[in-house]
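Chemist: Could you have a look at this structure, given as structure tokens, before my questions?
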Amino acid sequence: MSEKAQLGNGRLIEYLPEMIAQGSMKEVYFTTDKEFVLCFYKHDLPHQTDRLRRLQHILTAFNPTLPDKKHADYWNGLFCWPTDLITQPKLGVMVPVYPGQYFFASGRWQGQEKKSRWFVSPKLRSYLPKEEQGNWISYYKISILLARAVSRLHLAGLAHSDLSDNNVLIDPVSGHMIIIDIDALVVPQLFPPDVEGTPGYIAPEVLATVGLRTDAPKKQLASILTDQHALAVLVYEYLLNRHPLRGPKIHSTHSAEEDERLSLGEKALFIEHPDDRSNCPKTGLKVPVKALGSTLKSLFYQAFVTGLHTPHKRPSAYQWERGLIQTWDKLHPCPNPNCRQQWFIVLSEQFACPFCQTRIKTPIPILTRRAEKRPGQWMREGEMVIYDGQCLFKWHVFDNIFPGPGVDRTLQAYCVFYQEKWLLINQALTSLTSADGHRVDINQAVELKAGAPIRLSQEAHGCLVEL
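Letter by letter, the sequence shown follows residues -11 to 455 of this note's numbering.
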């Protein structure tokens, strides 16, 4: 037996009467084909008219997944965006069922959603089958995608308002993620937030004023700035498997709740604060933030030192996306087949995997990439760690291409170690030129040698690389 709901366009949808989930605000039901869920708001809440207007805007003007929007298919993979408004029997939204990769395929939690909290908590992660846990490069990919998705929201002037380990589903096997609970987006000066947020991800300024009335002058509400805090917390957890503010320092002996509120709010202190070690775990940190390289370390310091209690100084989601992509080129596979993480970032002072302490016994070649900013003047663009199988794409070849949505991901060249030499194998470069000025044809190789710059392309914005 099924029930019927009416959508905003008048269409009737059949759904199963058994409730499959509920939260503080919504009850969730499957459609009869189980391709969508219907999310009904529990009560006729105050400001229901405002809620209706918000939902109408979310489904239309603010919706990046509509077919006429740029890169709609790409954003459809990063957001579980509502597709329709429900008007009867109660106000609600119709949302696609999450793709199958976001449900556990094995183990005791088979069939349950892969919420981030399963993976950012070391205790919970230990209960999961190893084949579900992924490795470090997967969490790195997830961090990039999350930063990109949040940046897309912020670019449109929107804030998620409850970005947390409960509202980001991840698949560490494939390195993909999807943001859920889109129906409560915040639009400044138009649609205020419905919720304070999730403990552990609520920005300190919001938590410090949580007891004030909504209209109190000092009341702080969810916004793009509070999203920036939550994003930094999630990225820190994905990459380092710990919370950035939860340390040993006690701020109140009155109650655990008050101590938690102060520790994450008014008295919040980064566990890796460079000048105040009072909240650093007594046993130390096996993998400190500096193991992620100078770019990411600076972003985390900006988020949790400079900007922790000064919201406008926090790094933007776009800064996180660029910083993570810039550091990606310093990733190197760990030579230890038993290493749980399998990848790490190579630094000038770090040639051992920080996760398992295995050293790289052979020299690690590093390519310096340069771009011609003025005729004959080649400026350093970045560095790239070389390993057997390392790939070069168009954003490595040209200085005006960024690896964002819609970028051409055709392999241009790759590196191999052959007969004690490092070689660059041309796959698609039409004007690859060796140090002595000879063109290197497609499917041919050029040796990478110290002090011998190779021009990747003679076209405008083409870069050169040097070992």
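Glycine included, C-beta positions come from ideal geometry on N, C-alpha and C.
For clarity, every value in this text was computed on a predicted model and none was experimentally measured.
#1: Starting from residue 64 and walking both ways along the alpha helix (DSSP H), at which residues does that stretch end?
#2: So is residue 409 buried or exposed if we call it buried at 16+ other beta carbons inside 10 Å?
#3: Where DSSP assigns a beta bridge to residue 27, which residues make up the other side?
#4: For residue 198, collect the residues of the same chain with a Cβ closer than 7 Å to its Cβ; drop the 5 residues on either side in sequence, then sort them by chain order.
#5: Given this structure, state the Cα-to-Cα distance separating residue 38 from residue 179, to the nearest angstrom.
#6: Just mark residue 244 as buried or exposed, buried being the case when its beta carbon has 16 or more other beta carbons within 10 Å.
#7: Output needed for residue 66: all residues of its chain with C-beta closer than 8 Å, excluding positions within five of it in sequence on either side, in chain order.
#8: Helix, strand or coil, according to DSSP, for residue 303 in the structure here?
#9: With a threshold of 6 Å on Cβ separation, who are the neighbours of residue 443 within its own chain once the five nearest residues in sequence on each side are excluded?
#10: For residue 292, tell me which candidate among 281, 331, 232 and 318 has the shortest Cα-Cα distance.
#11: If we count the other Cβ atoms within 10 Å of its Cβ and call it buried at 16 or more, is residue 260 buried or exposed?
#12: Given a threshold of 16 other Cβ atoms within 10 Å of its Cβ, counted over all protein chains shown, does residue 7 qualify as buried or as exposed?
#13: Starting from residue 125, follow the beta strand (DSSP E) in both directions and report where the run begins and ends.
#14: Label residue 215 either buried or exposed according to how many other C-beta atoms from any shown protein chain fall within 10 Å of its C-beta, with 16 as the threshold for buried.
#15: Quick one: using the 10 Å Cβ neighbour count with 16 as the cut-off for buried, is residue 120 buried or exposed?
#16: Using CA coordinates, which residue listed in 208, -9, 15 and 46 is at the minimum distance from residue 21?
#17: State the Cα-Cα distance for the pair residue 154 and residue 104, rounded to the nearest angstrom.
#18: Can the beta-carbon of residue 101 be found less than 8 Å from the beta-carbon of residue 115?
#19: What does the Cβ neighbour count give for residue 382, buried or exposed, with the cut at 16 atoms within 10 Å?
#20: Would you kindly check if the distance between the Cβ of residue 356 and the Cβ of residue 454 is under 8 Å?
#21: Cβ of residue 417 within 8 Å of Cβ of residue 385?
#22: At a cut-off of 7 Å, is residue 233 close to the ligand ATP when judged by its beta-carbon and the heavy atoms of the ligand?
#23: Check for me: the beta strand (DSSP E) holding residue 366 runs from which residue to which?
#24: Classify residue 279 as buried or exposed, calling it buried when 16 or more other Cβ atoms lie within 10 Å of its own Cβ.
#25: Closest to residue 12 by CA distance: which of 248, 169, 193 and 440 is it?
#26: Check for me: the alpha helix (DSSP H) holding residue 318 runs from which residue to which?
#27: Check whether the Cβ atoms of residue 40 and residue 74 sit closer than 8 Å, and answer yes or no.
#28: Please work out which residues of its chain come closer than 8 Å, Cβ to Cβ, to residue 369, disregarding the five sequence neighbours upstream and downstream, and give them in chain order.
#29: CB residue 343 to CB residue 329, shorter than 8 Å?
#30: Going by the beta-carbon positions, is the gap between residue 59 and residue 393 smaller than 8 Å?
#31: Bridge partners of residue 403, per DSSP?
#32: List the DSSP bridge partners of residue 452.
#33: From the DSSP output, in three-state form, read off residue 424 for me.
#34: When the Cα of residue 364 is compared with those of 323, 449, 122 and 252, which residue comes out closest?
#35: Counting C-beta neighbours from all protein chains within 10 Å, is the total for residue 379 16 or more, i.e. buried, or is it exposed?
#36: Measuring only the C-alpha atoms, how far is residue 371 from residue 426?
Modeler: The relevant details are as follows:
#1: As a position in the sequence shown, residue 64 is number 76, starting the count at 1. That run of the alpha helix (DSSP H) goes 60 to 64.
#2: Here residue 409 refers to the residue found at position 421 when the sequence shown is read from its first residue. Per the 10 Å Cβ criterion, exposed.
#3: Position 39 of the sequence shown holds residue 27. According to DSSP, residue 27 bridges with 16 and 81.
#4: Counting from one through the sequence shown, the residue named residue 198 turns up at place 210. Closer than 7 Å at the Cβ level, and outside the excluded window around residue 198, lie 184.
#5: Counted from its first residue, the sequence shown places residue 38 at position 50. Counted from its first residue, the sequence shown places residue 179 at position 191. Rounded to whole angstroms, residue 38 to residue 179 spans 7 Å at the Cα level.
#6: What you label residue 244 is simply residue 256 of the sequence shown in a count that begins at 1. Result: exposed.
#7: Translated into the one-based positions of the sequence shown, residue 66 becomes position 78. Around residue 66: 133, 136, 137, 140, 165, 166 and 167.
#8: Numbered from 1 along the sequence shown, position 315 holds the residue referred to as residue 303. Reduced to three states, the DSSP call for residue 303 is coil.
#9: The count along the sequence shown starts at 1 and reaches residue 443 at position 455. Correct list, in chain order: 421 and 452.
#10: Here residue 292 corresponds to residue number 304 of the sequence shown, with the count starting at 1. The option with the nearest alpha carbon to residue 292 is 232.
#11: Numbered from 1 along the sequence shown, position 272 holds the residue referred to as residue 260. By the neighbour-count rule (16 or more Cβ atoms within 10 Å), residue 260 is buried.
#12: Locating residue 7 in the sequence shown gives position 19, counting from the first residue. Looking at its Cβ environment, which holds fewer than 16 other Cβ atoms inside 10 Å, residue 7 is exposed.
#13: Taking the first residue of the sequence shown as 1, we reach residue 125 at position 137. Careful: residue 125 lies outside any beta strand (DSSP E), inside the alpha helix (DSSP H) at 124 to 143.
#14: For the purposes of this step, residue 215 is taken as the residue at position 227 of the sequence shown. Buried, since its Cβ has 16 or more Cβ neighbours within 10 Å.
#15: Here residue 120 corresponds to residue number 132 of the sequence shown, with the count starting at 1. Counting Cβ neighbours within 10 Å, residue 120 comes out buried, since at least 16 surround it.
#16: The sequence position of residue 21 within the sequence shown is 33, counting from 1. Ranking the options by Cα distance to residue 21, first place goes to -9.
#17: Position 166 of the sequence shown, counted from the start, is the residue given in the question as residue 154. Position 116 of the sequence shown, counted from the start, is the residue given in the question as residue 104. Taking the straight line joining both Cα atoms gives about 6 Å.
#18: By one-based count along the sequence shown, residue 101 stands at place 113. By one-based count along the sequence shown, residue 115 stands at place 127. It is not a contact, given that the beta carbons lie outside the stated cut-off.
#19: As a first step, residue 382 must be located in the sequence shown, where it is residue number 394. That one is buried.
#20: Here residue 454 corresponds to residue number 466 of the sequence shown, with the count starting at 1. Here residue 356 corresponds to residue number 368 of the sequence shown, with the count starting at 1. Cβ distance < 8 Å, so residue 454 and residue 356 count as in contact.
#21: Start at 1 with the first residue of the sequence shown, and residue 417 comes out as number 429. Start at 1 with the first residue of the sequence shown, and residue 385 comes out as number 397. It is a contact, given that the beta carbons lie within the stated cut-off.
#22: The ligand ATP is absent from the structure shown, which contains no ligand whatsoever.
#23: As a first step, residue 366 must be located in the sequence shown, where it is residue number 378. 365 to 373 is the extent of the beta strand (DSSP E) around residue 366.
#24: For the purposes of this step, residue 279 is identified with residue 291 of the sequence shown, where counting begins at 1. The residue is buried, with at least 16 neighbouring Cβ atoms inside 10 Å.
#25: Numbered from its first residue, the sequence shown carries residue 12 at position 24. For the residues 248, 169, 193 and 440, the minimum Cα distance to residue 12 belongs to 169.
#26: In the sequence shown, residue 318 corresponds to position 330, counting from 1. No alpha helix (DSSP H) contains residue 318, which DSSP labels as neither H nor E.
#27: Residue mapping note: residue 40 aligns to position 52 of the sequence shown, counting from 1. Residue mapping note: residue 74 aligns to position 86 of the sequence shown, counting from 1. Not a contact, by the Cβ cut-off of 8 Å.
#28: If you number the sequence shown from 1, residue 369 lands on position 381. Around residue 369: 357, 358, 359, 387 and 451.
#29: Residue numbering aside, residue 343 sits at position 355 when the sequence shown is read from its first letter. Residue numbering aside, residue 329 sits at position 341 when the sequence shown is read from its first letter. Their beta carbons are under 8 Å apart, which means residue 343 touches residue 329 by this criterion.
#30: If you number the sequence shown from 1, residue 59 lands on position 71. If you number the sequence shown from 1, residue 393 lands on position 405. Yes, the Cβ-Cβ distance between residue 59 and residue 393 is below 8 Å.
#31: Taking the sequence shown and counting its residues from 1, the one referred to as residue 403 is at position 415. Answer by DSSP bridge pairing, in chain order: 412.
#32: Position 464 of the sequence shown, counted from the first residue, corresponds to residue 452. According to DSSP, residue 452 bridges with 358 and 443.
#33: For this step, residue 424 is matched to residue 436 along the sequence shown. Looking at residue 424 - three-state DSSP - the assignment turns out to be coil, as it is neither helix nor strand.
#34: Residue mapping note: residue 364 aligns to position 376 of the sequence shown, counting from 1. Residue 449 is the option with its Cα nearest to residue 364.
#35: To locate residue 379, count along the sequence shown from 1; it is residue 391. Per the 10 Å Cβ criterion, exposed.
#36: Residue numbering aside, residue 371 sits at position 383 when the sequence shown is read from its first letter. Residue numbering aside, residue 426 sits at position 438 when the sequence shown is read from its first letter. Rounded to whole angstroms, residue 371 to residue 426 spans 24 Å at the Cα level.
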